[in-house]
Amino acid sequence: MQEVQSRDPREEDRYDAQRIEAKWHERWQQQENSLYAAEANSSKPKYYVLEMLPYPSGALHMGHVRNYSIGDALARYMWMNGYNVLHPMGWDSFGLPAENAAISNNTPPREWTLRNIANMKRQMKRLGFAYDWSREVTTCLPDYYRWNQWFFLKLYEKGLAYRKKSKVNWCPKCATVLANEQVVGGCCWRHEDTLVEQRELEQWFLRTTHYADELLRDLEKLDGWPEKVRTMQRNWIGRSEGAMVDFKLDGAADSVITVFTTRVDTIYGATSIQLAPQHPLVKDFTAKDAELRAQVDGMIAEQRKAKERGDLGEIEKHGVNTGRYAINPYNGEKIPVWVANYILMDYGTGAIMSVPAHDDRDFEFAKKYGIEIRQVIVPLQGDAAQELPFTAHGGKLTNSGLFDGLACDDAIKKMAAYAEKNGFGKATVTFRLKDWGFSRQRYWGTPIPMLYCEKDGIVPVAEKDLPVILPDNVDITLTGGSPLGRVPEFVNATCPKCGGPARRETDTMDTFVDSSWYFYRYTDANNNKAPFDSAKASYWFGDRGIDQYIGGVEHAILHLIYSRFWTKFMRDMGLIKNDEPVERLFTQGMVIKDGAKMSKSLGNVVSPDDMVARYGADSARMYSLFAAPPDRDLDWQDSGVEGVARFLARVYRFIAQNPVKAGTYSAEYSPNDLGPEGKKIQRKMHQTIWRITEDFKGRWHFNTSVAALMELLNECIGAPIFTSQEGPAMAFRADVQRKFVLMLQPFVPYLAYELWERLGEQESLLKAAWPTYDPALAKEEEIEIPVQVNGKLRSLVVVPAEATQDTIQERALADEKIKALIEGKQIIKVIVVPAKLINIVVR
RNA sequence: GCCGGGAUGGCGGAAUUGGCAGACGCGCUGGACUUAGGAUCCAGUGCCCUAAAGGCGUGCAGGUUCAAGUCCUGUUCCCGGCACCA
43 MQEVQSRDPR EEDRYDAQRI EAKWHERWQQ QENSLYAAEA NSSKPKYYVL EMLPYPSGAL
103 HMGHVRNYSI GDALARYMWM NGYNVLHPMG WDSFGLPAEN AAISNNTPPR EWTLRNIANM
163 KRQMKRLGFA YDWSREVTTC LPDYYRWNQW FFLKLYEKGL AYRKKSKVNW CPKCATVLAN
223 EQVVGGCCWR HEDTLVEQRE LEQWFLRTTH YADELLRDLE KLDGWPEKVR TMQRNWIGRS
283 EGAMVDFKLD GAADSVITVF TTRVDTIYGA TSIQLAPQHP LVKDFTAKDA ELRAQVDGMI
343 AEQRKAKERG DLGEIEKHGV NTGRYAINPY NGEKIPVWVA NYILMDYGTG AIMSVPAHDD
403 RDFEFAKKYG IEIRQVIVPL QGDAAQELPF TAHGGKLTNS GLFDGLACDD AIKKMAAYAE
463 KNGFGKATVT FRLKDWGFSR QRYWGTPIPM LYCEKDGIVP VAEKDLPVIL PDNVDITLTG
523 GSPLGRVPEF VNATCPKCGG PARRETDTMD TFVDSSWYFY RYTDANNNKA PFDSAKASYW
583 FGDRGIDQYI GGVEHAILHL IYSRFWTKFM RDMGLIKNDE PVERLFTQGM VIKDGAKMSK
643 SLGNVVSPDD MVARYGADSA RMYSLFAAPP DRDLDWQDSG VEGVARFLAR VYRFIAQNPV
703 KAGTYSAEYS PNDLGPEGKK IQRKMHQTIW RITEDFKGRW HFNTSVAALM ELLNECIGAP
763 IFTSQEGPAM AFRADVQRKF VLMLQPFVPY LAYELWERLG EQESLLKAAW PTYDPALAKE
823 EEIEIPVQVN GKLRSLVVVP AEATQDTIQE RALADEKIKA LIEGKQIIKV IVVPAKLINI
883 VVR
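If you want it as C-alpha cells, here you go:
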C-alpha cells in the first residue's frame with residue numbers, strides 16, 4: 043500500500059479490509075475442521091440450516107454469494123442463540139458440463155471437476171462462510187455414489203425401479219434422455235434454445251407416481267414453504283378425479299375405446315368420440331386408408347411443431363371422421379369416432395368423449411363440423427334454455443335416462459358406481475406427474491448397478507459388489523450411445539446368478555439422484571457401512587426435516603419433488619421417520635445487473651473474486667443482504683457495495699480507534715449516569731437489538747437489519763459522551779461497542795472478529811450470546827404526536843410517552859398553529875390514538 | 001385461460017397491527033479540510049411554488065373510514081409458473 047502522510051495519527055489505522063481479512067482467514071484455515079463443527083452429543087437444541095449445494099462449474103457467481111450469505115448469517119445467529127447448528131456444504135458434481143469440458147479442452151471430467159471444487163472451496167473460505175467441512179459431500183466420488191447404487195437396488199427390490207420401452211424426451215445437444223421435469227417449455231433445461239425430441243427407447247424409470255397422492259397431500263403440511271412453490275408442485279402433480287368409461291367399437295366386439303372424463307355426468311350428451319392422432323387404434327384405422335393416414339400424420343406433425351413453439355394451446359382445432367362408430371354403454375347409442383388434433387396422447391387415455399353442450403373445446407369443434415350439440419345439464423333453478431356451452435358444475439341432469447334430476451356432483455359418483463357394477467368403467471384418478479425417466483446415455487454419472495445375462499435376463503449387481511466403479515480414461519463424444527458402452531472392461535461382467543457372461547448396464551443415473559438425498563449424508567458423511575446412521579439422521583431431521591433450507595426457486599419442481607419422493611421411500615424402508623425432508627424452505631431472488639440476469643453475452647457479470655479484491659468479503663456479503671429483501675431480485679450496483687464499505691470503515695473508526703478494552707472499565711453503569719444524550723443512544727441500541735432480533739425470527743428482512751445498524755452508528759458517531767473518560771461513560775461506551783460487534787458477527791464476520799479482538803475480548807465470538815433488549819430501555823420517554831385537522835397533518839406536539847388522551851388533546855388544542863386553524867370553527871369530533879396521533883375534525 | 005408475485009423519489013428500497021409516506025443506502029447539489037480528492041466531515045435533496053404559507057403525491061378509477069401504500073370493488077401493466085389436462 044502507498045505511504046500516506048497524515049497529520050492525524052488515526053489515519054494510519056484506517057479500515058483495511060484486505061489486511062484484516064487476510065489475518066483472520068489465515069487463523070481460521072488452521073482450524074478448518076473444528077471451527078464450525080456440529081457437536082456430537084449436545085444438550086443444546088439442534089438447528090439444521092442448509093443452502094442448496096452448488097454444481098462445481100468452476101467459480102462462484104453472485105447468486106451463490108447471496109444464497110450463502112443468507113444461510114451463513116442465520117447459522118451464526120443460531121450459534122449465538124445457543125443452538126447446536128449443523129451447517130454443511132458439498133458438491134453436486136456429476137453432470138454433463140464436465141463431459142463438455144473434457145471434449146473442448148481435453149481434460150478428464152474427474153480432474154476438471156475436482157479442480158473446480160478446489161477453486162470454489164477456496165472462494166467460499168475466502169468469503170468466510172462457516173461450514174462444517176468435516177462433513178463435506180462430493181457426489182462424484184465412489185464413497186457417495188455407491189449409496190446411489192445401493193438405493194437403486196432397494197428401489198428395484200420394491201418394484202419402484204423398472205425398465206420399459208416408451209417415448210422419452212431426448213435432447214440432441216446433451217445426447218441423452220431427459221426427465222419430464224427437465225423439459226422447460228419444450229426445450230432442454232440446460233439448453234434453453236434446444237428443442238427436445240421424442241424417441242422410443244428402453245429406459246429405467248423410478249415409480250414417482252407411487253407417491254403421487256402423498257406428494258400432493260403433504261404439500262398441505264408444508265406451511266413453512268413459499269406458497270408459490272407449493273402451487274407449482276400442485277400444478278406439476280396435476281391430480282384430477284374422474285372416471286374411465288369403455289366404449290365398444292361398433293362391429294368389432296373385442297375393440298374397446300377407454301375414455302377418461304371428469305364429467306361422466308354429461309355422458310348422455312356425448313355426440314362423438316375423439317382420439318389423439320397417436321392413439322393405438324388409429325393405426326388400425328389408417329392401415330387400409332391412405333388418405334386418413336396422411337391426415338393423421340399431418341396432425342402429429344402439427345402437434346409436434348406447436349409443442350416445440352410452446353403454443354400447443356393455440357393451434358386451431360380440427361379433426362377427421364374415421365367413419366367408425368362407438369357405443370355409449372349407458373344408453374347403447376352409436377356415436378361417430380373422430381381423430382382430433384387437440385387430443386393429447388400423454389394425458390388420460392388419449393381418448394375423450396366429446397360433449398359439445400358442456401365443454402368449450404368440444405363446443406368449438408362440434409360447431410365447426412356440424413356435430414350434434416345435445417344439452418343434458420340444466421341449472422338447478424330457473425330458465426332451462428340458457429346459452430351453450432354450459433360448463434358450470436352447479437346443475438342437474440336432464441335427457442339422461444335413469445339419472446335425470448340428479449345434481450352433477452351426486453351424478454358423478456352414482457354414474458361411476460353404475461359403470462363399475464356393470465363392468466364397463468370405474469371412478470379413477472389421473473395425474474399429470476409421470477414416472478421419473480432415470481437413465482442417461484452419458485458418462486459422468488453414477489453407473490446403474492444392473493447386469494444383462496443371456497440366461498437370467500436383468501440381474502441386479504450383488505450388494506457386496508458395490509460400488510460399481512465408474513472407469514477413468516473413457517473416450518467421450520457426444521455422438522451415439524453411452525460412452526461406457528465403449529469400455530469392454532466395464533461392459534463385460536459375470537452373472538451373479540449363473541456365473542455366465544453378462545453385460546453391464548452402460549447408462550448412468552440422472553444427476554438429480556445425487557441431490558435427492560445428499561442432505562441426509564451430511565448427518566453422517568463418513569459412514570462406509572450405510573448411507574447414514576438412522577439415529578444420526580433422526581437427530582438432525584427430527585419429525586419435520588431440515589429446519590431451514592435456502593436456495594433458488596428454479597428447483598421448485600426438479601430437486602424439490604425428487605427429494606420429497608426419496609424421503610418417502612427412505613421412510614418406507616425404515617431408514618428415517620420424517621415424512622418430509624424440509625420443514626422451512628426459503629427461495630431467494632435472483633441477482634441481476636442493469637435490469638437483466640447476469641450473463642457473459644451481456645457482459646454484465648460481476649465476479650465474487652473481483653468484489654472481494656476491491657471491497658473485501660465483508661462488504662460483498664453485507665451488500666448482498668442490504669440491497670434488497672432476500673426473497674426479491676437484487677439489482678447489483680458496485681456503488682452500493684462502496685456505500686457498505688464506507689459504513690464498515692465508520693464502524694471501524696468508531697470501535698478500533700477508540701476501544702474500551704476488556705478489564706479497563708467497570709461493567710456497571712446506571713441509565714441515570716448517562717444524561718439525555720446517552721439515554722437516547724441507549725434507547726436506540728435497544729431498539730436496534732429488537733429490530734434485528736425480529737428480522738431473524740422469520741421476517742428475514744436483513745436489508746432493514748443492516749439499515750438499523752447504520753442508524754445506530756449514525757446516532758453514535760460524534761456523540762460527546764463517547765469522548766468522555768469518566769467511569770460510567772466509559773462503561774457505557776464499552777457496552778455499546780460490544781453489543782455492536784455482536785450484532786455485526788452474522789453479517790460481517792471478519793470485521794466483527796477483528797473488533798472483538800481490539801476490544802480485548804477472549805471469548806469465542808461465534809458462540810458469544812446474542813444481545814438481549816430491554817423493552818423498558820427501548821421505550822421512548824417523550825414522543826412527537828402528529829396533530830391532524832380534518833385528516834391533514836398540521837402540527838406536531840411533544841408529549842411524554844405515557845401521556846393520556848386528555849393530555850394529548852389539551853396540548854394539541856393549545857398549539858399555536860392549531861389554534862389558528864380551528865379558530866371560529868366547530869369541533870365535531872376528536873380522535874386520539876395514544877402514542878400515535880390526534881385528529882381534530884372541524885366544520 | 002388458470003395460479004403465484006409485483007408496481008412507492010433520479011436509483012435500490014423502508015413503513016412489522018388502518019395512524020407523520022419516503023427509514024437506510026446510492027446518486028446529485030452546496031460547503032469544510034486539503035498541494036490534491038474518486039479520502040473524510042458537515043448541510044440539503046419527493047413534486048409544484050421565488051421563499052414563507054399552501055397545494056399535490058404510493059400504476060389507474062371508484063368505495064369504506066376521523067384517517068388508506070396498507071381494507072373493499074373494478075381495471076392496466078410487469079415478472080414467474082402451468083396450460084387444448086378432457
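Just so we're aligned, residue 43 is where the first sequence starts under the working numbering, counting upward by one. Glycine is no exception: its CB is placed at the ideal position from the N, C-alpha and C atoms. Everything numeric in this text was worked out from a predicted model, so none of it was measured.
Does residue i pass the burial test, meaning 16 or more other C-beta atoms within 10 Å, or should it be called exposed?
{"i": "GLY132", "result": "buried"}
{"i": "CYS182", "result": "buried"}
{"i": "CYS495", "result": "buried"}
{"i": "VAL839", "result": "buried"}
{"i": "SER643", "result": "exposed"}
{"i": "ALA453", "result": "buried"}
{"i": "ARG118", "result": "buried"}
{"i": "GLY645", "result": "exposed"}
Quick one: residues in its chain with C-beta nearer than 6 Å to the C-beta of residue i, no 5 flanking neighbours on either side, listed in chain order?
{"i": "ASN211", "result": "LEU220, VAL225 and VAL238"}
{"i": "LYS578", "result": "THR565 and ASP566"}
{"i": "HIS233", "result": "LYS215"}
{"i": "ARG52", "result": "Caution is warranted here: a pLDDT of 47 is assigned to ARG52, below 50, making its placement in the model unreliable, and the coordinate value is therefore given only provisionally. Around ARG52: GLN699."}
{"i": "GLY113", "result": "VAL91, GLU93 and ILE592"}
{"i": "ARG733", "result": "ALA750"}
{"i": "PRO151", "result": "ALA140, GLU141, ALA144 and TRP486"}
Just how far apart, CA to CA, sit residue i and residue j?
{"i": "THR609", "j": "MET94", "result": "16 Å"}
{"i": "TRP486", "j": "HIS252", "result": "29 Å"}
{"i": "ASP575", "j": "ASN568", "result": "10 Å"}
{"i": "VAL179", "j": "ALA687", "result": "34 Å"}
{"i": "SER558", "j": "LEU526", "result": "24 Å"}
{"i": "ALA399", "j": "THR313", "result": "10 Å"}
{"i": "LEU508", "j": "GLU596", "result": "33 Å"}
{"i": "GLY658", "j": "GLN729", "result": "29 Å"}
{"i": "ASP307", "j": "LYS349", "result": "32 Å"}
{"i": "ASP857", "j": "LEU879", "result": "14 Å"}
{"i": "GLY760", "j": "TRP70", "result": "34 Å"}
{"i": "GLU823", "j": "ALA655", "result": "46 Å"}
{"i": "ALA843", "j": "VAL874", "result": "14 Å"}
{"i": "TYR110", "j": "TRP231", "result": "24 Å"}
Between which two residues does the beta strand (DSSP E) carrying residue i extend?
{"i": "ASN190", "result": "Per DSSP, ASN190 belongs to no beta strand (DSSP E); it is in the alpha helix (DSSP H), 184-199."}
{"i": "ASP296", "result": "294-303"}
{"i": "MET664", "result": "Careful: MET664 lies outside any beta strand (DSSP E), inside the alpha helix (DSSP H) at 659-668."}
Which residues in the same chain as residue i place their Cβ atom closer than 7 Å to its Cβ, once the five residues preceding and following it in sequence are excluded?
{"i": "ARG31", "result": "The structure shown has nothing for residue 31, since the chain only spans 43 to 885."}
{"i": "SER176", "result": "ASN75 and ALA79"}
{"i": "VAL648", "result": "MET104, LYS635, MET640 and TRP678"}
{"i": "LEU863", "result": "VAL831 and ARG836"}
{"i": "ARG272", "result": "LEU261 and LEU264"}
{"i": "GLY124", "result": "LYS86"}
{"i": "GLU256", "result": "LYS610"}
{"i": "ILE599", "result": "GLU223, MET274, GLN275 and TRP278"}
{"i": "LYS468", "result": "ALA285, MET286, ALA458, ALA461 and GLU462"}
{"i": "VAL324", "result": "LEU317, VAL338 and VAL381"}
Just reading off the alpha helix (DSSP H) that residue i is part of, what are its end residues?
{"i": "ILE734", "result": "717-736"}
{"i": "SER747", "result": "744-758"}
{"i": "THR368", "result": "According to the sequence as given, residue 368 is Ala; it is not Thr. No alpha helix (DSSP H) holds ALA368; the beta strand (DSSP E) holding it covers 361-369."}
Enumerate in chain order the residues of its own chain whose CB-to-CB distance from residue i is below 8 Å, with the five nearest sequence positions on each side excluded.
{"i": "ALA40", "result": "With the chain covering only 43 through 885, there is no way to say anything about residue 40."}
{"i": "ILE511", "result": "PRO184 and PRO489"}
{"i": "ILE870", "result": "VAL883, VAL884 and ARG885"}
Entirely enclosed beta strand (DSSP E) segments - the region 570-615, minimum 3 residues
Runs found: 590-594.
Report the start-end ranges of each alpha helix (DSSP H) in the region 799-844 that is 4 residues or longer and not cut off at the edges.
For the region 799-844, whole alpha helix (DSSP H) runs of length 4 or above, ordered along the chain, are 817-820.
Beta strand (DSSP E) runs wholly inside the region 207-283, at least 3 long, in chain order:
DSSP runs (the beta strand (DSSP E)) wholly in the region 207-283: 218-220 and 239-248.
My parser needs the beta strand (DSSP E) runs of 3 or more residues fully inside the region 410-464; what are they?
Within the region 410-464, the complete beta strand (DSSP E) segments at least 3 residues long are 419-421 and 437-439, listed from N- to C-terminus.
Which complete alpha helix (DSSP H) runs does the region 106-178 hold, if anything under 4 residues is left out?
Along the region 106-178, the alpha helix (DSSP H) occurs as fully enclosed runs of 4 or more residues at 138-147 and 151-168, listed in sequence order.
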